[in-house]
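Novice: Residues -19 to -1, 1 to 310 in mature numbering (1 follows the signal peptide of the UniProt record, and there is no 0) are what the sequence shown spells out, letter by letter. The beta-carbon is built from N, C-alpha and C at its ideal position, and this holds for glycine as well. One structure, pasted below without further comment.
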Amino acid sequence: MVVCWGPVVRVLVLQAAWALGGGQVRYSVPEEAKAGTVVGRLAQDLGLAAGEPEARGLRLVAQGRQASVEVSGASGALVVSSRLDREELCAKSAPCALLLEVLVERPLRVFHVELEVTDINDNAPLFPVNEEAFTIAELSLPGSRFPLEGASDADIGANAQLSYTLSPSEHFSLDHQGNNDRSASLALVLTKSLDRERVPVHRLVLTASDGGRPSLTGTMELVISVLDANDNAPQFTQSVYKVKVLEGSERGILLIKLTATDLDEGINSDIIYVFSRRVAGQIKEMFTIDENKGEIRLQGKLDYEEMDSYEITIEARDQGSPPLAVTAR
């Protein structure tokens, strides 16, 4: 029977070498450092003399994720070999430490190297959307608060500490309480009563700035539609209308078409025309009014000798809740 001890012996030798080596070297390098940047004088820090690194087979043993560093030739320096992105390597974890193994083959020794990748301000604040649209009732009271979702920043520390500003507005201000987390309290505050008829839509820009130097910013547009309230009564084009008609005129003839307008919108601006409650029954027998068109027509027989003039009060009423009305004669 043949017993193969080679692999077992090699594992035991490596474990013994790790135990004997027992050394640990620590370096730090900023993310996005250019390829070729020297991270540390590895060979010197391991106690190797000039020329020894290459002769003794000093090399890096790949561990887990791509380390993006390598041992450089005869100098034995640890250098950046490819892009280092702290956010890709460690996300929000801090510190971002990569654990590397360095092997010296002759004689066999293993060293533990800890490489910390430090953050630079290479990420601007990012809002979840570029534009946020919402509605606010026209009769909302000053002091009313409307929650907003803040931005996030992939960096850490001061580079991720966010502050917010709002474009100038006479109707709105910004209230921000808490830290850089998106769950912190961020709200739009109404500072002045709204008037939909004057400004139906408000467009504001919310800017998030991080604490880096220089600071990076991100923006989101706020589109605020003012929801109409029935705060405008209809208006006739005149307060008094005068109409002349011959006695004996044919029944059904159009005497006048009244027009009223309302600055509100939707049902708050839908107008109906009716006789005022004060109008006598005699007038309602003599005349009719189309409540939708505002057309007044002759219904009875006119007799000048019996009545030479009629005064009729007409009401224009919107369909808001509660309805608003105006009268004309």
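(1) Going by beta-carbon coordinates alone, are V52 and V61 separated by less than 9 Å?
(2) Taking only three categories from DSSP, how would you classify I277?
(3) Between E266, G281, V224, which has its C-alpha nearest R310's C-alpha?
(4) Counting C-beta neighbours from all protein chains within 10 Å, is the total for A297 16 or more, i.e. buried, or is it exposed?
(5) At the 9 Å Cβ level, is I277 part of the contact set with chain B, yes or no?
(6) CB-CB under 6 Å to T188, same chain, minus the five flanking residues each way: which ones, in chain order?
(7) Hey, would you say C77 sits closer than 9 Å to R67, going by beta carbons?
(8) Just to confirm before moving on: does the CB-CB distance between G233 and L283 stay below 9 Å?
(9) Measure the CB-CB distance between I293 and E272 and report whether it falls below 9 Å.
(10) For the 8 Å Cβ check, are there 3 or more pairs between the stretch 88 to 106 and the stretch 135 to 142?
(11) Evaluate contact between the stretch 170 to 189 and the stretch 203 to 221, counting only Cβ atoms and requiring at least three cross-stretch pairs below 8 Å.
(12) Tell me whether the beta-carbon of A58 lies closer than 9 Å to the beta-carbon of L23.
(13) Considering only DSSP beta bridges, list what V226 is partnered with.
(14) Give me the Cα-Cα distance between Q25 and E12, rounded to the nearest whole angstrom.
(15) Would you kindly work out how many angstroms separate the C-alpha atoms of P128 and L122, rounded to a whole number?
(16) Near Y291, which residues of its chain fall below 8 Å by C-beta distance, leaving aside the five closest residues on each side in sequence?
(17) Between D251, K238, L227, E231, which lies nearest to D289 when the distance is taken from Cα to Cα?
(18) In or out: N211 buried (at least 16 other Cβ within 10 Å) or exposed?
(19) If I'm right that V42 touches E82 with Cβ under 8 Å, what's the distance once you round it to whole angstroms?
(20) Which residue or residues does DSSP assign as beta-bridge partners of R90?
(21) Going straight from the alpha carbon of I277 to that of F115, what length do you get?
Specialist: Taking the coordinates as given:
(1) no
(2) strand
(3) V224
(4) buried
(5) The structure shown contains no chain B; it holds only a single protein chain.
(6) T146, T198, T200
(7) yes
(8) no
(9) no
(10) yes
(11) yes
(12) yes
(13) For V226, which the question treats as bridged, DSSP gives no partner whatsoever.
(14) 24 Å
(15) 16 Å
(16) I264, M267, F268
(17) L227
(18) buried
(19) 4 Å
(20) V85
(21) 43 Å
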